[in-house]
Amino acid sequence: MNLSYAPHKHQENLISEWQDCYITAEKNVGMIATLDLSRIAYNEPKQFFWTYESLGKLLSLTEREKPYTNVYLSLNAFCEVNGQMKRSANNLAQIRNVGIDLDCYKLGISPDQCKEELFKLIAHSKLPNPNLVINSGNGVQLIYSIQGGAAPTNEIKWLTMYITRELTGQLIDLGADYQTCTLERVFRLPYTLNKKEGYPTKLVTAEIWNRRE
147 MNLSYAPHKH QENLISEWQD CYITAEKNVG MIATLDLSRI AYNEPKQFFW TYESLGKLLS
207 LTEREKPYTN VYLSLNAFCE VNGQMKRSAN NLAQIRNVGI DLDCYKLGIS PDQCKEELFK
267 LIAHSKLPNP NLVINSGNGV QLIYSIQGGA APTNEIKWLT MYITRELTGQ LIDLGADYQT
327 CTLERVFRLP YTLNKKEGYP TKLVTAEIWN RRE
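Quick note: the sequence shown, position 51, residue 197 per our numbering, numbers continuous.
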C-alpha cells in the first residue's frame with residue numbers, strides 16, 4: 147500500500163516473510179513493540195521495543211520449541227518523546243501497517259469460514275487483498291503493509307485512520323469493530339500461542355496473501 151501523495155519513485159517492495167510487513171531495512175525508523183500478557187493476571191505485563199538490528203532476537207520469540215503465550219506485536223513503530231518510550235499515538239515514529247481485527251468467533255463464524263468470505267470479497271473487487279492474514283486462534287487479522295513505511299504526519303495519520311475505518315466498515319459482518327481502529331494497536335505475534343479462558347489454546351499462524359506492498 148502506497149500512502150504517498152506523489153508517485154512513488156522507489157523500487158517496488160516484495161514481501162517474502164511475514165515479518166517484512168513490520169520491520170525491514172526501509173522500515174527502520176523507531177522501534178516496534180511486543181506486549182507479553184501471559185502474566186496479566188499477576189499485574190505483570192511486559193513490553194519490549196525492537197529495532198531492525200534486533201530482528202533476530204525478536205524472531206527467536208517465534209521459533210521456540212515451546213511457544214510463548216499471549217504475546218502481541220505493534221502494527222507501527224514508536225520513538226522516545228520527552229525522555230519516555232511509550233506505545234502511544236504521541237510517540238509514533240513510522241506508520242508501517244493498516245490492520246483490521248476480525249473477531250469472527252463472536253458471531254459464530256470460524257476462521258476458515260471467515261477466510262472463505264474474504265476470498266469472495268477480494269474476488270469481486272469489494273476488498274483489497276491484504277498482504278498478510280494472521281490466524282489469531284479464534285479470529286482473523288488482516289495486515290495491509292505500507293510501502294517502505296510512512297512518516298507520521300498529521301495528513302498520513304488521518305489517511306491511515308480513514309482507510310482503517312473504511313475497511314472496518316466493510317467487514318462488520320465478519321466481526322470488525324470500530325473500537326479497534328487505533329494507530330498504537332497490537333495484533334497477535336505469529337507463532338505464539340493464543341490462550342483464552344473458555345477456548346482451546348491455539349497456535350497463531352500467518353499467511354502471505356499478497357507479496358506487493
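For glycine and all other residues, C-beta sits at the position ideal for the given N, C-alpha and C.
- A Cβ-Cβ distance of about 23 Å is found for the pair LEU264 and LEU329, leaving them out of contact under the 8 Å criterion.
- By the CB criterion at 9 Å, ILE280 and THR351 fall inside the cutoff.
- Between the beta-carbon of SER220 and that of ILE178 there is about 5 Å, and that keeps the pair under the 8 Å contact cut.
- In this structure, the CA atom of TRP355 is about 36 Å from the CA atom of VAL227.
- Secondary structure of MET231 (DSSP, three-state): strand.
- Secondary structure of TRP355 (DSSP, three-state): coil.
- Listed in chain order, the beta strand (DSSP E) runs fully inside the stretch 248 to 327 are 278 to 281 and 286 to 296, counting runs of at least 3 residues.
- The residue among ASN222, GLY254 and VAL286 with its C-alpha nearest the C-alpha of MET307 is ASN222.
- Listed in chain order, the alpha helix (DSSP H) elements of length 4 or more contained wholly in the stretch 184 to 220 are 201 to 206.
- In this structure, GLY245 sits away from ASN159, with a CB-CB distance that is not shorter than 9 Å.
- Ranking GLN230, SER184 and LEU204 by CA distance to the CA of ASP166 puts LEU204 first.
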